[in-house]
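Read the structure below first, then the notes.
So this is what it looks like as structure tokens:
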């Protein structure tokens, strides 16, 4: 995503450069990229590490996808490591340890988008292909080989449009989201605001509540406080982060308020709410596609392919799901994943 899954829990700790560990046949250049001396690896020599910033429900599909990717791609190993504890320095240490264990291709959800490029550069200096998965670095430069992520501004725009439609095109809307200082949260805020602006004043953004995605308990308290103070004034709630989406689905249903809730992702509480009508819609991301296609592209890069446009940002897809398509949405998501794999072969990769 031009940014990240609609989750962001970590702080903005300054990134520390990983200790340099030279690999056989790989020389270094001062520009932070591996030279052509890096040996091409056969699939069985490729060991992929999928490393989110810490534990979070969004990333659990990566774990199952890692096991499937190992079999489907015929690679030496695919591991999933969520022990970074939402600290960039700890994540750098995890990556250093994995490299020492022989992992040589990395799909990383950086804790700090403002500083993670330094981490990517260090991995690249060691001759490792690197994918920025589910989150892109802040700013306009991506030092990973590519970023495969949700376009968070577009996804938030879709979510707000769905909320406005459910509200009947008018009324007061509240936006619940993540870490205020995160650049991707700012993109989500912009996406919601765009949809509100397009109503020509018929919909008012009553409040944007940030910093409520740390954990479910934080989100539940925020929703309870919001409903107690303003529940009778609100016609819609749009969520662009995982935990507040679950909390608002639960809270509005429990309070029996006529508020239209639009969620994010496919937690079982949210899907149950769509099925019973207490949740109007959800916007799904594609975590399986990020891990699956990311592993596929990393295997190709480790085998000697190169990116036609290094650092390219690729939207992994977002999907509005209502009661009408609750039973078929995963078919669309799988189709997008298949489309992305084909796009890497035909559009993004150069393989001799």
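Residue numbers (mature numbering (1 follows the signal peptide of the UniProt record, and there is no 0)): -24 to -1, 1 to 328.
Glycine included, every Cβ here is placed at the ideal spot set by N, Cα and C.
Q) How long is the line joining the alpha carbons of residue 198 and residue 188, rounded to whole angstroms? A) One C-alpha to the other measures close to 7 angstroms.
(Q) Does the segment 103 to 122 come into contact with the segment 142 to 149, if we say contact requires no fewer than three beta-carbon pairs (one atom in each stretch) closer than 8 angstroms? (A) Flag = no, the segment 103 to 122 and the segment 142 to 149 do not touch.
Q.
On the DSSP bridge list, what partners appear for residue 26?
A. When DSSP reads this structure, residue 26 sits in a beta bridge with 56, 83.
Q | Unbroken beta strand (DSSP E) run spanning residue 107, endpoints | A | Residue 107 -> beta strand (DSSP E) spans 106 to 109.
Q. With contact counted as at least three CB pairs below 8 angstroms, one residue from each stretch, are the segment 81 to 97 and the segment 131 to 147 in contact?
A. Output reads no: the segment 131 to 147 does not touch the segment 81 to 97.
Q: May I ask you to report which of helix, strand or coil DSSP gives residue 137?
A: Per DSSP, reduced to three states, the secondary structure at residue 137 is helical.
Q.
What does the alpha-carbon distance come out to for the pair residue 195 and residue 101?
A. Per the coordinates, the alpha-carbon of residue 195 lies some 40 angstroms from the alpha-carbon of residue 101.
Q: Please list, in chain order, all residues of the same chain as residue 274 whose beta carbon is under 7 angstroms from its beta carbon, the five residues on each side excluded.
A: The answer, listed in chain order, is 24, 81, 83, 105, 107.
(Q) Just checking residue 69 against the ligand COA - is the residue's beta carbon closer than 7 angstroms to any of the ligand's heavy atoms? (A) Annotation note on the ligand COA: not contained in the displayed structure, which lists no ligands.
Q: Evaluate the contact criterion for the segment 274 to 287 versus the segment 64 to 83: three or more CB pairs, one atom per stretch, below 8 angstroms.
A: Using a C-beta cut-off of 8 angstroms, the segment 274 to 287 makes contact with the segment 64 to 83, since at least three inter-stretch Cβ pairs fall below that distance.
Q.
Can you tell me whether residue 236 is buried or exposed? The criterion is at least 16 other CB atoms within 10 Å of its CB, across all chains shown.
A. Taking all protein chains in view, the Cβ of residue 236 is crowded by 16 or more other Cβ atoms within 10 Å, so the residue is classified as buried.
Q: Less than 8 angstroms between the CB atoms is what I'm expecting for residue 251 and residue 239, so what's the real figure, rounded?
A: The C-beta distance from residue 251 to residue 239 rounds to 13 angstroms, too long to fall under 8 angstroms, and the pair is not in contact.
Q: Specify, as a first and last residue, the run of the beta strand (DSSP E) that residue 269 falls within.
A: Note, residue 269: premise wrong, no beta strand (DSSP E); alpha helix (DSSP H) at 263 to 278.
Q. Along the chain, which unbroken stretches of the alpha helix (DSSP H) at least 4 residues long are found entirely within the segment 135 to 191?
A. For the segment 135 to 191, whole alpha helix (DSSP H) runs of length 4 or above, ordered along the chain, are 159 to 173.
**Q.** Bridge partner(s) assigned by DSSP for residue 236
**A.** Under DSSP, residue 236 shares a beta bridge with 212.
(Q) Assuming residue 51 is part of the alpha helix (DSSP H), what are its boundary residues? (A) No alpha helix (DSSP H) contains residue 51, which DSSP labels as neither H nor E.
Q) Between residue 160 and residue 128, which are expected to be in contact by the criterion C-beta below 8 angstroms, what is the C-beta distance as a whole number of angstroms? A) Indeed they touch by this definition, with Cβ atoms about 5 angstroms apart.
Q. Going along the chain, which residues of its own chain have a beta-carbon closer than 7 angstroms to the beta-carbon of residue 59, five neighbours each way excluded?
A. If the five residues before and after residue 59 are omitted, its C-beta is found closer than 7 angstroms to the C-beta atoms of 70, all from its own chain and listed in chain order.
Q | Residue range of the alpha helix (DSSP H) that includes residue 224 | A | Start and end: 218 to 231.
Q.
Taking 7 angstroms as the limit between beta carbons, can you name the residues of its chain near residue 322, skipping five residues before and five after?
A. No residues qualify anywhere along the chain.
Q: Just the C-alpha distance for residue 242 and residue 260, rounded to the nearest angstrom, thanks.
A: Between residue 242 and residue 260, the C-alpha separation is close to 6 angstroms.
(Q) Once the 5 residues before and after residue 317 are set aside, which same chain residues still bring their CB inside 7 angstroms of it? (A) The answer, listed in chain order, is 269, 272.
Q: Would you list the residues sitting across from residue 361 in a DSSP beta bridge?
A: The structure shown does not extend to residue 361, since the chain spans only -24 to 328, so no value can be given for it.
Q: Look up residue 125 in the DSSP assignment and say whether it is helix, strand or coil.
A: Residue 125 sits in a strand when the DSSP states are folded into three classes.
Q.
As a quick exercise: from 63, 76, 202, 22, pick the residue whose alpha carbon is nearest that of residue 54.
A. That would be 22, whose Cα lies nearest to the Cα of residue 54.
**Q.** Rounded Cβ spacing between residue 257 and residue 142 (contact assumed at less than 8 angstroms)
**A.** Their Cβ separation, rounded to whole angstroms, is 7 angstroms, which keeps residue 257 and residue 142 in contact under 8 angstroms.
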